[in-house]
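Colleague:
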Amino acid sequence: MNAIRARFRLDRSDFRLDVDLNLPGRGVTALFGPSGSGKTSLLRLIAGLDRAQDGELSVNGQVWQDAGSFLPIHRRPLGYVFQEASLFPHLSIRRNLEFGMKRVGASDRRVSLDQAIELLGIGHLLDRKPDSLSGGERQRVAIARALAVSPRILLMDEPLAALDLARKQEILPYLEKLHDELEIPLLYVSHAPDEVARLADHLVVMDGGRVLADGPLIDTLARVDLPIRLGEDAGVVLDAVVEQRDADWHLARVAFAGGAVWARDAGHPPGHRVRVRILARDVSLALEHASGTSILNILPAEVREIADDEHPGQALVSLDVGGSPLMARLTRRSIHALALAPGKRVHAQIKAVALVG
Amino acid sequence: MHPLAKKLLPLALLFAGHATWADEVQVAVAANFTAPMQKIAAEFEKDTGHKAQLSFGGTGKFYAQIRNGAPFQVLLAADDETPAKLEKEAMTQPGSRFTYAIGKLVLWSTKPGYVDDQGEVLRKGDFNKLALANPKLAPYGLAAMESITRLGVLSAVESKFVQGENIAQTYQFVSTGNAELGFVALSQVMKDGRIASGSAWIVPASLHTPIRQDAVVLANGKGNAAAGALMKYLKGDKARAIIKGYGYDL
Amino acid sequence: MFESTDLAAVWLTLKLAAVTTTLLLVIGTPLAWWLARTRSWWKGPAGAVVALPIVLPPTVIGFYLLVAMGPNGPVGQFTQALGLGLLPFTFAGLVVASVFYSLPFVVQPLQNAFEAIGERPLEAAATLRASPLDAFFSVVVPLARPGYLTASVLGFAHTVGEFGVVLMIGGNIPDQTRVVSVQIYDHVEAMEYAQAHGLAAGMVVFSFLVLLALYTLNPTGRRK
Chain H
1 MNAIRARFRL DRSDFRLDVD LNLPGRGVTA LFGPSGSGKT SLLRLIAGLD RAQDGELSVN
61 GQVWQDAGSF LPIHRRPLGY VFQEASLFPH LSIRRNLEFG MKRVGASDRR VSLDQAIELL
121 GIGHLLDRKP DSLSGGERQR VAIARALAVS PRILLMDEPL AALDLARKQE ILPYLEKLHD
181 ELEIPLLYVS HAPDEVARLA DHLVVMDGGR VLADGPLIDT LARVDLPIRL GEDAGVVLDA
241 VVEQRDADWH LARVAFAGGA VWARDAGHPP GHRVRVRILA RDVSLALEHA SGTSILNILP
301 AEVREIADDE HPGQALVSLD VGGSPLMARL TRRSIHALAL APGKRVHAQI KAVALVG
Chain L
358 MHPLAKKLLP LALLFAGHAT WADEVQVAVA ANFTAPMQKI AAEFEKDTGH KAQLSFGGTG
418 KFYAQIRNGA PFQVLLAADD ETPAKLEKEA MTQPGSRFTY AIGKLVLWST KPGYVDDQGE
478 VLRKGDFNKL ALANPKLAPY GLAAMESITR LGVLSAVESK FVQGENIAQT YQFVSTGNAE
538 LGFVALSQVM KDGRIASGSA WIVPASLHTP IRQDAVVLAN GKGNAAAGAL MKYLKGDKAR
598 AIIKGYGYDL
Chain U
608 MFESTDLAAV WLTLKLAAVT TTLLLVIGTP LAWWLARTRS WWKGPAGAVV ALPIVLPPTV
668 IGFYLLVAMG PNGPVGQFTQ ALGLGLLPFT FAGLVVASVF YSLPFVVQPL QNAFEAIGER
728 PLEAAATLRA SPLDAFFSVV VPLARPGYLT ASVLGFAHTV GEFGVVLMIG GNIPDQTRVV
788 SVQIYDHVEA MEYAQAHGLA AGMVVFSFLV LLALYTLNPT GRRK
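Residue numbers (the numbering used here), protein chains in the order written: chain H, 1 to 357; chain L, 358 to 607; chain U, 608 to 831.
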């Protein structure tokens, strides 16, 4: 069921937004697009931080905005994480965490302070002031602070964008934990494909204030008809399960619907659910099963569609591997040489497989 | 130093050295004598070709400024004590001091018919405020205080006192209506020989020490032809007629 | 070395400054808040009016206040209609004049402080269930603390240093309108230089201590 219904029209001299979305009431929905695409504006409209005169919004059956009403933001049961942590500098970490919590009626509290602290691993920071924390620690506190109000929806506006790579790696596991443990929907604004691949279940692609695509992550990413400007990051994400581990070679075999691949062992035990990300640039096609190759993963596939790529010398080839999607980036010349066309059976040679989350 | 005086100092120095004929004189004028002195100076300049630069203010302030080197050449004081004091301190040209006017105190209100010609209004005491110049600083204030005491109404009206730092400010308090009643200089409310507006009682001279206003040439003015000429002009008929027209005695 | 009238003037001055500063913080807070956040066309004119006392000579302010608060002035007619009588020559009148005269010294530091805080803490507070008023007191006021300190000190000190306006509308009434600056002036005019020195030196020391406290306790005060 669609728990979030959002329709907004915004017409400013420098910016237009026109969206009409139904979003799932569970899991992580990524609002994805280049800067200026309107994804942050949409999130702010949903939160009530900005107001579109023409808008309708309901969340879990509760109307937050329609033609005649606008629920002020402080009455909306949401949690919001800004790009910068935006902690209150005059309050200790504990008081920051309690700020929202004590403003929520006792009967509406479903997340305890201890749970929020534990989930984000910030127990050792409680008596410190925000300015003595690292950027990553501050952002974890901000997330915990948002959770402590027991929100019925969590909104995050590029929470990792202001952090360096090391800090991102520090926080991503906590976000994955949120993904796994939260019962509430999470709207996550990002322009980073790797974050989306790791965290999202549902993808909304935006550009120029409009929604270009909207659907389950795996299906949406695999679409080659979209002018999604992913560049080097074009590729697919598949849900998979660890099948076996090869301790000698430090590899793990992960199976997805329609096939299995070898990936570098990430330490997950057999049976563990993982996500596999395969970039289009790492997939090449052969008409016969090659031997004497360094490529470990060779899967039989069928060409579904061939679409233009950003460069006229290249094309994106959409493949079907036993029901799962795969994408290959090839030169036009190779496509011509192999006489590729929809329905043609090929062997997909996969050079690299990344386990994400 | 008075800012105006400061600005004009180089000019004064320029003129100080030369010429006996068209000279310039810096005059410090008591606030109550503002209106008549403007008229007299205009006539003086026309008749003699000299120039008179006028500064108006409280006599006490002028005293402090003169003691500290202000470039005035003539002082027209609101009293006779300050010129005498300066004379004693050798700050004047000896023998130049004379009484140019005797001030008259008036109890005045902007309301027509409010002040009677006996000053009974003081005894009735139904006014909101009674303005007078600060008796410590201004001769008109002192005269007002003496008159109030002589009339025996001091304790009745004391609580209604508002004090101006000089007689000009006192006039302002009454003329804006903020004080219903006030002791001001007759020269301030008289025009063409009559009270210009409101109602007034000219306080009899017997109720207070005469307000003798003395003029003196200051040490600075020695050898300044315009200073000497101005002193002479003040004693002349034309000036005396103007002074009397503003209600001063002579 | 101080006469009782001098001490009365000191006490009156401190009372005036304290009452004025308190009122200014109450009036100045919403005004500064509005100035800091509005995008209205009125922001420019309103800011200019608030700043007027900085550039106008006190005599201009004093003269217009005297006329306005007089029996024929708009303020005077209003206070009379309310049965409050006239404001010149009263302590209340001095308070009104001082509030106007010291307004920019309170509003501007507050406005700067509010502008420096920006939108984000308020947005964060709103997402944490704080109503706008709640957010103002629980977030903005604590964050603007340096601005409040600067505003209080400047408002207080500027009121203590007020002279021209008091002279014009005060009437030199003991315990009502005879503040220290006027008392010093009277001493000087009356050639009582010893008493004048006593009070004047006290003013210099007081002003120095106030500014010293401002600059050491409140590093952001330096930016002003």
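Backbone N, C-alpha and C fix where the C-beta goes; we use that ideal spot for every residue, glycine too.
1) Indicate the three-state DSSP secondary structure (helix, strand or coil) for U:Val674 in the structure shown.
2) Would you mind stating whether H:Val204 and H:Leu78 have Cβ atoms separated by less than 9 Å?
3) Please report the straight-line C-alpha distance between H:Arg273 and H:Gln169, rounded to a whole angstrom.
4) State the Cα-Cα distance for the pair H:Glu183 and H:Gly27, rounded to the nearest angstrom.
5) Count the other CB atoms within 10 Å of the CB of L:Lys403; is the residue buried (16 or more) or exposed (fewer)?
6) My guess is that U:Gly669 and U:Ala720 are in contact by the Cβ rule of under 8 Å, so how many angstroms apart are they, rounded?
7) Would U:Ala624 pass as an interface residue toward chain H - the criterion being a Cβ-Cβ separation below 9 Å?
8) According to DSSP, H:Thr29 sits in a beta bridge with which residue or residues?
9) Within a Cβ cutoff of 7 Å, which residues of the same chain sit near L:Ser532, ignoring the five residues on either side of it in sequence?
10) Among all the DSSP beta bridges, which residues are the ones paired with L:Glu381?
11) Using the beta-carbon count (16 or more within 10 Å), is L:His407 buried or exposed?
12) Any idea which residues DSSP pairs L:Lys442 with across the strands?
13) Kindly indicate the opening and closing residues of the beta strand (DSSP E) around L:Thr456.
14) Since H:Ile335 and H:Ile298 should fall inside the 8 Å C-beta cutoff, what is the C-beta to C-beta distance between them, to a whole number of angstroms?
15) Please confirm whether H:Leu251 and H:Arg264 have their CB atoms less than 9 Å apart.
16) Tell me whether L:Gln422 sits in a helix, a strand or coil according to DSSP, three-state version.
17) If we count Cβ pairs, one from each stretch, closer than 8 Å, do we get three or more for the stretch 95-109 of chain H versus the stretch 733-741 of chain U?
18) Could you name the residues of the stretch 123-146 of chain H whose beta carbon sits closer than 9 Å to any beta carbon of chain U, in the order they occur along the chain?
19) Whose C-beta lies closer than 7 Å to the C-beta of H:Gln139 among residues of the same chain, with five residues either side of it excluded?
20) Of the residues L:Ala513, L:Gly578, L:Thr416 and L:Gly555, which one's Cα is nearest the Cα of L:Asn523?
21) Just grab the DSSP bridge partners of H:Arg109 for me.
22) Are the stretch 619-634 of chain U and the stretch 763-778 of chain U touching by the rule of at least three beta carbon pairs closer than 8 Å?
23) Considering only the beta carbon of each residue, do H:Leu154 and H:Leu178 sit closer than 9 Å?
24) According to DSSP, is U:Gly654 part of a helix, a strand, or is it coil?
25) Please classify L:Thr377 as buried or exposed, where buried requires at least 16 other C-beta atoms within 10 Å of its C-beta.
26) Taking DSSP's pairing of strands, which residues face L:Lys548 in a bridge?
27) Considering just the uninterrupted stretch of the beta strand (DSSP E) at L:Thr603, what are its terminal residues?
28) Work out the CA separation of U:Phe770 and U:Leu632 for me, nearest whole Å.
29) Out of curiosity, what's the CA-to-CA distance linking H:Gly105 and U:Met775?
30) So which residues on chain U does L:Lys493 lean against when the C-beta distance must stay under 8 Å?
31) Exposed or buried, H:Arg12, counting other C-beta atoms within 10 Å across all chains shown (16 or more means buried)?
32) Can you pull the DSSP bridge partners for H:Val211?
33) Report the residues of the stretch 514-540 of chain L with a CB closer than 8 Å to any CB of chain U, ordered along the chain.
34) Are H:Leu340 and H:Leu285 touching if we call contact CB-CB under 9 Å?
35) With a 10 Å radius around its C-beta and 16 neighbouring C-beta atoms as the bar for buried, classify U:Gln687 as buried or exposed.
Modeller: In this structure, then:
1) Counting from 1 along the third sequence, the entry for residue 674 of chain U is found at position 67. Helix, per DSSP.
2) By one-based count along the first sequence, residue 204 of chain H stands at place 204. By one-based count along the first sequence, residue 78 of chain H stands at place 78. No, Cβ-Cβ distance for H:Val204 and H:Leu78 is not below 9 Å.
3) Within the first sequence, residue 273 of chain H is the residue found at index 273, counting from 1. Within the first sequence, residue 169 of chain H is the residue found at index 169, counting from 1. Answer to the nearest angstrom: the Cα atoms are 20 Å apart.
4) Taking the first residue of the first sequence as 1, we reach residue 183 of chain H at position 183. Taking the first residue of the first sequence as 1, we reach residue 27 of chain H at position 27. For H:Glu183 and H:Gly27, the distance between alpha carbons rounds to 8 Å.
5) Taking the second sequence and counting its residues from 1, the one referred to as residue 403 of chain L is at position 46. Exposed, by the Cβ-count rule.
6) Here residue 669 of chain U corresponds to residue number 62 of the third sequence, with the count starting at 1. Here residue 720 of chain U corresponds to residue number 113 of the third sequence, with the count starting at 1. So it is not a contact: roughly 30 Å between Cβ atoms.
7) The residue given as residue 624 of chain U occupies position 17 in the third sequence. Put simply, the CB of U:Ala624 is far from chain H, with every gap to its CB atoms at 9 Å or more.
8) Taking the first sequence and counting its residues from 1, one reaches residue 29 of chain H at position 29. DSSP, once it has assigned bridges, lists H:Leu187 and H:His202 as partnering H:Thr29.
9) As a working mapping, residue 532 of chain L is identified with position 175 in the second sequence. Only Thr467 meet the Cβ criterion.
10) For this step, residue 381 of chain L is matched to residue 24 along the second sequence. Partner(s): L:Lys408.
11) Within the second sequence, the letter at position 50 stands for residue 407 of chain L. L:His407 is buried by the Cβ-count criterion.
12) Mapped onto the second sequence, residue 442 of chain L falls at position 85. Looking at the DSSP assignment, L:Lys442 forms no beta bridge with any residue, so it has no partner.
13) Here residue 456 of chain L is taken as the residue at index 99 of the second sequence, counted from 1. First-last of the beta strand (DSSP E) with L:Thr456: Phe455 to Gly460.
14) Within the first sequence, residue 335 of chain H is the residue found at index 335, counting from 1. Within the first sequence, residue 298 of chain H is the residue found at index 298, counting from 1. About 19 Å; that fails the 8 Å criterion.
15) Taking the first sequence and counting its residues from 1, the one referred to as residue 251 of chain H is at position 251. Taking the first sequence and counting its residues from 1, the one referred to as residue 264 of chain H is at position 264. Yes, these two residues count as a Cβ contact at 9 Å.
16) Residue numbering aside, residue 422 of chain L sits at position 65 when the second sequence is read from its first letter. In this structure, L:Gln422 counts as helix in the three-state DSSP scheme.
17) Because the criterion of three Cβ pairs below 8 Å is met, the stretch 95-109 of chain H and the stretch 733-741 of chain U touch.
18) Ala142, Arg145 and Ala146
19) Translated into positions along the first sequence, residue 139 of chain H becomes position 139. Same-chain partners within the cutoff: Ala85, Pro159, Leu163 and Ile171.
20) As a first step, residue 523 of chain L is located in the second sequence; it is residue number 166 there, counting from the start. When only C-alpha atoms are compared, the closest one is L:Thr416.
21) Locating residue 109 of chain H in the first sequence gives position 109, counting from the first residue. Partner(s): none; H:Arg109 has no beta bridge.
22) Output reads yes: the stretch 763-778 of chain U touches the stretch 619-634 of chain U.
23) Residue numbering aside, residue 154 of chain H sits at position 154 when the first sequence is read from its first letter. Residue numbering aside, residue 178 of chain H sits at position 178 when the first sequence is read from its first letter. Inclusion of H:Leu154 and H:Leu178 in the CB contact set at 9 Å is warranted, their separation being smaller than that value.
24) Locating residue 654 of chain U in the third sequence gives position 47, where the first residue counts as 1. Of the three classes helix, strand and coil, the one that applies to U:Gly654 here is helix, per DSSP.
25) As a first step, residue 377 of chain L is located in the second sequence; it is residue number 20 there, counting from the start. Model confidence at L:Thr377 stands at a pLDDT of 46, short of 50, so the residue's coordinates are unreliable; what they give is reported in the following sentence. Result: exposed.
26) Residue mapping note: residue 548 of chain L aligns to position 191 of the second sequence, counting from 1. In DSSP, L:Lys548 forms a bridge with L:Arg551.
27) Here residue 603 of chain L is taken as the residue at index 246 of the second sequence, counted from 1. Here the sequence assigns Tyr to residue 603 of chain L, which means Thr is not the residue at that position. Looking at the DSSP string, L:Tyr603 is not in any beta strand (DSSP E), and its letter there is neither H nor E.
28) On the third sequence, position 25 is the one that residue 632 of chain U refers to. On the third sequence, position 163 is the one that residue 770 of chain U refers to. If I take the Cα positions, the gap works out to 22 Å.
29) Taking the first residue of the first sequence as 1, we reach residue 105 of chain H at position 105. Taking the first residue of the third sequence as 1, we reach residue 775 of chain U at position 168. So the alpha carbons of these two residues sit roughly 58 Å apart.
30) Here the question's residue 493 of chain L lines up with position 136 in the second sequence. Taking a Cβ-Cβ cut-off of 8 Å, the neighbours of L:Lys493 in chain U comprise Asp793, Glu796 and Ala797, given in sequence order.
31) Sequence index remark: in the first sequence, residue 12 of chain H carries index 12 (1-based). With fewer than 16 other Cβ atoms within 10 Å, it is exposed.
32) Reading the first sequence from its first residue, position 211 is the one you call residue 211 of chain H. For H:Val211, which the question treats as bridged, DSSP gives the partners H:Met206.
33) Phe518, Val519, Gln520, Gly521, Glu522, Gln526, Gln529, Phe530, Thr533, Gly534, Asn535 and Ala536
34) Taking the first sequence and counting its residues from 1, one reaches residue 340 of chain H at position 340. Taking the first sequence and counting its residues from 1, one reaches residue 285 of chain H at position 285. For the pair H:Leu340 and H:Leu285, the CB atoms are nearer than the 9 Å cut-off.
35) Taking the first residue of the third sequence as position 1, residue 687 of chain U is located at position 80. Flag for U:Gln687 reads exposed.
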